[in-house]
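Position 581 (the sequence shown) corresponds to 581 in the working numbering; numbering is contiguous.
For each residue, glycine too, the CB sits at the ideal point set by N, CA and C.
Note sheet for the following structure.
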Amino acid sequence: MCGIAGLFSSNTLSEQSLINARSCLSTRGPDGEGTTFFSFSENNHWHHSAQGTAALLQTRLSIRDLSSAGAQPMKNEDGSVWIVYNGEIYGWEEEAQVLRSRGHHFASHCDTEFILHGYEEWGDAVLDHLRGMFAFAIVDLRKQRLFLGRDRLGEKPLFYTATNGTFAFASTARALLALTSPHTKPQFNPNAIDAFLTHRYIPAPLSIIDGFYKLPAAHSMVVHLDQEKPIIEQPQSYWAPTPSPEKDPALLFREAVDLRLASDRPLGVFLSGGIDSQALVASLSGNNKVPSKLSTFTATFPNNPRYDESVAAAKIAKQWECNHTELPITMGPSDALSIIHDLDEPFADPSAIPTWYLCQAAVKKITVALAGDGGDELFAGYKRYGVHERAARLLPRHGKTPSRWNSSNLCLKTSRAGRLRRILLGYQLGWEDAYTLRFSALDPLSRAFLQPDFAVQTSYWKKPLEKLAPLDWMLACDRLNYLPEYILRKSDLCGMAHGLELRSPMLDHLFVQSIQGMKRSERFTQPPKKFLCDRIIGSQVVMGPKRGFNPPLHEWLHQGELALRCHELPRTLQNLTGGQLSAKRLEALMLLARHDQRLDELVWLLLVLAISLESLNTM
Numbered sequence: 001m002c003g004i005a006g007l008f009s010s011n012t013l014s015e016q017s018l019i020n021a022r023s024c025l026s027t028r029g030p031d032g033e034g035t036t037f038f039s040f041s042e043n044n045h046w047h048h049s050a051q052g053t054a055a056l057l058q059t060r061l062s063i064r065d066l067s068s069a070g071a072q073p074m075k076n077e078d079g080s081v082w083i084v085y086n087g088e089i090y091g092w093e094e095e096a097q098v099l100r101s102r103g104h105h106f107a108s109h110c111d112t113e114f115i116l117h118g119y120e121e122w123g124d125a126v127l128d129h130l131r132g133m134f135a136f137a138i139v140d141l142r143k144q145r146l147f148l149g150r151d152r153l154g155e156k157p158l159f160y161t162a163t164n165g166t167f168a169f170a171s172t173a174r175a176l177l178a179l180t181s182p183h184t185k186p187q188f189n190p191n192a193i194d195a196f197l198t199h200r201y202i203p204a205p206l207s208i209i210d211g212f213y214k215l216p217a218a219h220s221m222v223v224h225l226d227q228e229k230p231i232i233e234q235p236q237s238y239w240a241p242t243p244s245p246e247k248d249p250a251l252l253f254r255e256a257v258d259l260r261l262a263s264d265r266p267l268g269v270f271l272s273g274g275i276d277s278q279a280l281v282a283s284l285s286g287n288n289k290v291p292s293k294l295s296t297f298t299a300t301f302p303n304n305p306r307y308d309e310s311v312a313a314a315k316i317a318k319q320w321e322c323n324h325t326e327l328p329i330t331m332g333p334s335d336a337l338s339i340i341h342d343l344d345e346p347f348a349d350p351s352a353i354p355t356w357y358l359c360q361a362a363v364k365k366i367t368v369a370l371a372g373d374g375g376d377e378l379f380a381g382y383k384r385y386g387v388h389e390r391a392a393r394l395l396p397r398h399g400k401t402p403s404r405w406n407s408s409n410l411c412l413k414t415s416r417a418g419r420l421r422r423i424l425l426g427y428q429l430g431w432e433d434a435y436t437l438r439f440s441a442l443d444p445l446s447r448a449f450l451q452p453d454f455a456v457q458t459s460y461w462k463k464p465l466e467k468l469a470p471l472d473w474m475l476a477c478d479r480l481n482y483l484p485e486y487i488l489r490k491s492d493l494c495g496m497a498h499g500l501e502l503r504s505p506m507l508d509h510l511f512v513q514s515i516q517g518m519k520r521s522e523r524f525t526q527p528p529k530k531f532l533c534d535r536i537i538g539s540q541v542v543m544g545p546k547r548g549f550n551p552p553l554h555e556w557l558h559q560g561e562l563a564l565r566c567h568e569l570p571r572t573l574q575n576l577t578g579g580q581l582s583a584k585r586l587e588a589l590m591l592l593a594r595h596d597q598r599l600d601e602l603v604w605l606l607l608v609l610a611i612s613l614e615s616l617n618t619m
């Protein structure tokens with residue numbers, strides 16, 4: 001795991017901007033850092049140099065081959081190809097033997113060099129040979145091009161921008177801002193703000209900074225460097241899951257877990273009381289790669305017992321003879337401010353707060369943690385799938401677009417009128433948009449705290465998945481955006497805030513394809529995930545209620561510093577967005593929120609937006 005960044009520019013490259021970018025990436029790579037430079041010559045070619053107007057930089061978290069041989073930026077033997085890379089490739093050693101037989105020399109025992117030589121051998125098709133999570137940038141001085149790629153399910157992030165003859169990329173929006181605009185206040189993207197208010201996160205390719213973009217999951221892009229100003233091609237998708245009914249999902253799951261044990265640093269498993277992490281522990285029982293007893297870690301919440309799964313987790317750990325550690329998590333409202341800052345872009349999942357604390361506590365004992373992310377999206381484990389699949393039997397796929405996109409009346413999803421209105425809106429828009437509105441703080445007919453022209457400008461959400469049946473469509477939507485930019489974004493940000501690598505075996509793309517090849521009656525069951533219970537865990541399965549992982553928002557929002565910030569929200573957001581968010585309407589909302597606990601989630605959403613924008617504005 002690492003933090004990466006790079007910039008190619010016809011302008012002067014500021015040393016201070018490199019320092020600032022490295023600082024933004026420091027927690028992602030606490031074990032080392034490196035920078036290499038490139039210059040543009042008179043014959044319209046970039047070449048490696050001691051200084052220049054282009055650079056690659058990296059901060060390193062050492063997991064495999066802890067020696068200096070694994071340092072980045074890394075080059076091939078003649079210095080014609082360079083790479084910076086964040087992630088982990090699994091099972092690459094066998095294909096490395098193929099590369100060696102074709103004349104490639106390996107100077108290290110790390111996966112970075114495998115990608116580098118794989119690109120030399122296979123070109124852009126190296127992506128087909130990568131099994132794991134990754135975001136990388138390869139500078140090919142022979143072809144005068146930059147090649148960037150992001151993993152299939154979106155476990156690793158990659159931001160980029162192209163303005164005024166400059167192309168730049170980074171692992172985080174903050175690092176990219178530090179690299180490209182060290183002395184300029186950012187302009188915020190109104191489309192991204194609207195998307196955030198709709199989804200609680202900012203879906204790819206949008207970014208909160210105007211002119212910044214996320215490379216979507218399973219995409220690559222090429223930047224041509226044979227001119228003084230880089231020429232950028234549109235990102236291209238290189239993968240969509242192909243059902244593999246001939247593959248045994250149980251065998252592939254165990255293989256995926258086994259491959260993710262490769263580490264030269266201490267490793268453990270995040271264990272909740274749920275099925276997904278339980279399946280990880282069960283699959284590792286008797287694995288000879290696990291030294292003595294498997295280390296498992298569970299968050300406990302002494303002050304919030306309704307979120308505490310420690311009893312079930314302890315029972316699971318005892319059954320599978322694990323070396324179990326409980327990590328007490330105490331959360332306070334004042335801590336939330338600094339944690340929101342660490343979350344890079346606006347990100348309103350309240351469970352990021354306890355996840356951040358869990359990673360902070362776990363990294364004192366381990367450097368790599370296996371987690372159960374992805375199970376609900378694979379096996380339709382959320383209740384919403386059943387609800388909206390039933391709705392799809394009653395609603396048309398596409399309804400009529402409303403002629404009126406704003407209302408002077410506040411219409412919240414938590415009120416009885418709001419719920420009724422959303423049902424009626426579903427009939428009007430069709431079941432696709434009804435599913436999208438499941439996450440919206442306000443429906444698109446009543447963006448009540450947006451100025452009317454702003455609401456019209458940002459009603460953009462469309463998805464090109466027309467041929468899929470309702471449940472498959474919902475799962476595909478979540479795979480393309482909700483999973484990479486919400487679930488996995490949280491895991492990456494919270495883990496990397498502490499130099500902890502999180503690995504998710506259920507996101508192994510071969511396992512995903514085998515699950516998609518299953519019979520629907522075996523994949524979509526009641527209760528969900530019967531496959532994991534029967535084929536992986538067996539008779540020792542521990543069943544319990546599905547619990548949330550959220551802090552006590554109501555208590556937090558009405559006391560201390562957060563309560564003060566909430567009081568200031570209307571004017572703060574109006575000022576930060578240049579008047580695009582209406583203070584008058586926000587004040588009406590805050591007045592309602594004082595007496596209605598159901599509005600806590602919406603207030604949290606707005607609070608996160610304000611703190612994030614303020615933080616970016618003062619970098």
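Distance, residue j Cα to residue i Cα
i: L280; j: A371; result: 8 Å
i: A314; j: S272; result: 9 Å
i: S9; j: P186; result: 19 Å
i: T296; j: G79; result: 43 Å
i: F196; j: L613; result: 12 Å
i: Y486; j: I353; result: 14 Å
i: R306; j: S351; result: 14 Å
i: I232; j: Q144; result: 13 Å
Spatially closest choice to residue i from the options, by CA coordinates
i: R565; options: P328, S334, L215; result: S334
i: Y85; options: D600, P30, K143, A5; result: A5
i: F511; options: T572, W431, L153; result: L153
i: L225; options: L480, C477, R142; result: R142
i: Q360; options: L327, T12, L337; result: L327
i: Q513; options: H388, L206, S351, F379; result: F379
i: P291; options: H388, L261, P552, R64; result: L261
i: P157; options: S41, D344, Y382; result: D344
i: A21; options: A173, N575, Q72; result: A173
i: E587; options: Q597, R598, L573, T577; result: L573
i: I611; options: A256, P346, T330, G286; result: P346
i: A275; options: S263, G332, E309, L267; result: Residue identity differs from the one stated: residue 275 is Ile in this sequence, not Ala. Of the listed residues, the one whose Cα sits closest to I275 is E309.
i: V608; options: S338, L493, Q526; result: S338
Enclosing beta strand (DSSP E) for residue i [first to last residue]
i: M133; result: 132-140
i: A168; result: 166-170
i: V281; result: Element bounds for V281: not the beta strand (DSSP E) but the alpha helix (DSSP H), 275-283.
i: V223; result: 219-224
i: T355; result: Premise fails: T355 lies in the alpha helix (DSSP H), 352-362, not in any beta strand (DSSP E).
i: P328; result: 323-328
i: G118; result: Looking at the DSSP string, G118 is not in any beta strand (DSSP E); the run it does join, the alpha helix (DSSP H), is 111-122.
Continuous alpha helix (DSSP H) stretch holding residue i: start and end
i: Q58; result: No alpha helix (DSSP H) contains Q58, which is instead part of the beta strand (DSSP E) from 54-60.
i: I4; result: No alpha helix (DSSP H) holds I4; the beta strand (DSSP E) holding it covers 2-9.
i: T198; result: 190-199
i: G386; result: 383-392
i: E561; result: 560-576
i: F270; result: That residue, F270, is in no alpha helix (DSSP H); its beta strand (DSSP E) goes 267-270.
For residue i, the residue or residues it bridges with in DSSP
i: D307; result: The residue you asked about is not Asp; residue 307 is Tyr in the sequence shown. In the DSSP output, where bridge partners are listed per residue, Y307 has none listed.
i: W82; result: K75, V139
i: K584; result: For K584, which the question treats as bridged, DSSP gives no partner whatsoever.
i: T618; result: DSSP output for T618 lists no bridge partner at all.
i: G623; result: Nothing about residue 623 can be read from this structure; the chain reaches only from 1 to 619.
i: G374; result: DSSP output for G374 lists no bridge partner at all.
i: I231; result: H224
i: S237; result: H219
i: I316; result: According to DSSP, which records beta bridges pairwise, I316 is partnered with nothing at all.
i: I89; result: G132
Cβ neighbours of residue i in the same chain (closer than 7 Å, five flanking residues each side left out)
i: S615; result: H341
i: E321; result: K293
i: I536; result: A250, F253, A279, A282, S283
i: Y385; result: L471, M474
i: A476; result: L465, L468
i: H129; result: E95, G118, W122
Cβ-based neighbour list, residue i, same chain, cut-off 6 Å, excluding 5 preceding and 5 following
i: L606; result: L569
i: E15; result: none
i: G149; result: L127, F136, S220
Proximal residues to residue i (C-beta, below 8 Å), its chain only, five neighbours per side dropped
i: H105; result: E77
i: Y600; result: Residue 600 is actually Asp in this sequence, not Tyr. Cβ neighbours of D600 beyond the five flanking positions: L553, H554, L557, A593.
Closer than 6 Å: residue i CB and nearest the ligand ADP heavy atom
i: F134; result: Questions concerning the ligand ADP fall outside what the structure shown contains, since it holds no ligand whatsoever.
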